[in-house]
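One structure is given here, and the rest of the page talks about it.
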Amino acid sequence: MLLPFLISALLGAAPQAPKATPQAPPLEDQAGAADVAVAPSRLILEGAKRSGELYLINTGLKDGHYQLSLVHFEMTPSGDLIQKDLATLKPEDHFAGNLLRFSPRELDLKSGESQVIRFRLRLPANLPDGEYRAHLFVRSVPSGPVASASVQKGHISLKIEPTYGVSVPILVRHGKVSAQAGLTDLGLSYQQGRPILHAAITRSGLASLYGNLDVEWKPADGKLFRPVGSFKGIGVYPEISQRPVDMELEDAQGMAIRGGSLRLTYRDPSSGESLAQAEFQIP
129 MLLPFLISAL LGAAPQAPKA TPQAPPLEDQ AGAADVAVAP SRLILEGAKR SGELYLINTG
189 LKDGHYQLSL VHFEMTPSGD LIQKDLATLK PEDHFAGNLL RFSPRELDLK SGESQVIRFR
249 LRLPANLPDG EYRAHLFVRS VPSGPVASAS VQKGHISLKI EPTYGVSVPI LVRHGKVSAQ
309 AGLTDLGLSY QQGRPILHAA ITRSGLASLY GNLDVEWKPA DGKLFRPVGS FKGIGVYPEI
369 SQRPVDMELE DAQGMAIRGG SLRLTYRDPS SGESLAQAEF QIP
């Protein structure tokens, strides 16, 4: 998720961190902002896996200075993410910040350069089973002032330079943790002649869900399903039991979607395994 935001003070520089230029994961598995990308797009620590790595990549044309921190986002029933004040979090929020150690926390990268961000998990005794979550937030810090003012002919003009950031979820799954997915509330409407699919992805269990929603259509007089849409990277966090999805569908090889049936498949993006599937007839 991209998080453009404004700040009103200069940010001090820190000593330059050691650099590396490892082979980063492919572009399709990166989360990125205007001049920075993080890969892979999420990190899961579970079972015997107590450490992991993310790659920070300067995709801009200029050298960049970056600050890294852990934040907590809560998912609303509509699927939006809202950043929470860390001081107000309770144990039931399952924030993973206290369980994780990572470095570096501040660094400089030249254009095209990358750096490994290493994470280590420290689990306290008697930690309840569950999924704990934090987001690594990478802030791109401008080299100059983020705000400047000038006076011309009695008028004051204020120029504000935005800074940009990207966040990547880090999931810690401890103990017996799993989730089951389902598809419900299926429907189709038309807006200005374009077909709009309506559905909800349901979730049960202690873990979150993450997958791609693939949609296929079969004409009333046809035998084969044809792809008409795909929604990538839909997550459902443990604090909600279902998330609505609305997506515009494409024509099927030049055929308008009228009548017939639609088949929806919610898939694991890594394995391609079906997490849930449903089919319904178009009235």
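Here this note's numbering is used: the first residue of the sequence shown is 129, the next is one more, and so on. Backbone N, C-alpha and C define an ideal beta-carbon position, used for all residues, glycine too.
Original post:
What span of residues does the beta strand (DSSP E) with residue 267 cover, start to end?
Top reply: 258-269
Subject >> Residue of 376, 357, 383, 340 minimising C-alpha distance to residue 399 >> reply: 340
Original post:
Around the C-beta of residue 301, are 16 or more other C-beta atoms found within 10 angstroms, so that it is buried, or is it exposed?
Top reply: buried
**OP:** Classify residue 303 as helix, strand or coil using the three-state DSSP reduction.
**Re:** The answer is coil: DSSP assigns residue 303 none of H, G, I, E or B.
Subject >> Spatially closest choice to residue 306 from 199, 208, 403, by CA coordinates >> reply: 403
Original post:
Hey, which unbroken runs of the beta strand (DSSP E) at 3 residues or more fall wholly within the stretch 312-354?
Top reply: 322-333, 337-346
**OP:** For residue 370, count neighbouring Cβ atoms within 10 angstroms of its own Cβ and tell me buried if that reaches 16, exposed if not.
**Re:** buried
Original post:
What did DSSP end up calling residue 151 once you bin it into helix, strand or coil?
Top reply: Note on residue 151: pLDDT 49, under 50, position unreliable in the model; no value is reported.
Subject >> Whole-number beta carbon distance between residue 260 and residue 223, since they are thought to touch under 8 Å >> reply: 7 Å
Original post:
If you draw a straight line from the alpha carbon of residue 319 to that of residue 226, how long is it in whole angstroms?
Top reply: 47 Å
**OP:** Rounded to whole angstroms, what's the CA-CA distance from residue 298 to residue 393? Just pull it up for me.
**Re:** 25 Å
Original post:
Could you give the distance in angstroms between the alpha-carbon of residue 374 and the alpha-carbon of residue 295?
Top reply: 24 Å
Subject >> Separation of residue 210 from residue 313, as counted between CA atoms >> reply: Looking at the two C-alpha atoms, the distance is approximately 25 Å.
Subject >> Run of the beta strand (DSSP E) containing residue 369, from where it starts to where it stops >> reply: Bounds of any beta strand (DSSP E) do not take in residue 369, whose DSSP letter is neither H nor E.
Original post:
Which class does residue 391 belong to by DSSP, given the choice of helix, strand or coil?
Top reply: Note: residue 391 maps to strand in three-state DSSP.
Subject >> Residue from 379, 348, 219, 206 whose Cα sits closest to the Cα of residue 357 >> reply: 379
Original post:
When we look at the beta-carbon of residue 216 and count the other beta-carbons within 10 Å, is it buried (16 or more) or exposed?
Top reply: exposed
**OP:** Pick out whichever of 196, 366, 409 has its Cα sitting closest to the Cα of residue 269.
**Re:** 196
**OP:** Taking residue 316 and residue 323 to be in contact with their CB atoms under 8 Å, please state how far apart those CB atoms are, rounded to whole angstroms.
**Re:** 6 Å
Subject >> Same chain only: Cβ atoms within 8 Å of residue 179, ignoring 5 sequence neighbours per side >> reply: Counting only Cβ-Cβ distances below 8 Å, and skipping sequence neighbours, we find 173, 246, 247, 248, 249.
Original post:
Any idea which residues DSSP pairs residue 296 with across the strands?
Top reply: When DSSP reads this structure, residue 296 sits in a beta bridge with 264.
Original post:
The beta strand (DSSP E) spanning residue 243 covers which residue range?
Top reply: In this chain, the beta strand (DSSP E) harbouring residue 243 covers 242-249.
**OP:** Would you give the residue range spanned by the beta strand (DSSP E) that residue 207 belongs to?
**Re:** First-last for residue 207: undefined, no H or E at that position.
Original post:
Roughly how far, in whole angstroms, is the beta-carbon of residue 228 from the beta-carbon of residue 262, given that I think they are within contact range, below 8 Å?
Top reply: About 6 Å separates the Cβ atoms of residue 228 and residue 262, confirming a contact at the 8 Å cut-off.
**OP:** Just confirm the distance between the C-beta atoms of residue 355 and residue 383, as a whole number of angstroms; I'd bet it's less than 8 Å.
**Re:** 12 Å between Cβ atoms; not a contact.
**OP:** Please state if the CB of residue 164 and the CB of residue 266 are separated by a distance shorter than 7 Å.
**Re:** yes
Subject >> When 342, 258, 187, 389 are compared against residue 239, the one with the closest alpha-carbon >> reply: 187
**OP:** Please state if the CB of residue 391 and the CB of residue 407 are separated by a distance shorter than 7 Å.
**Re:** yes
Subject >> Run of the beta strand (DSSP E) containing residue 231, from where it starts to where it stops >> reply: 228-231
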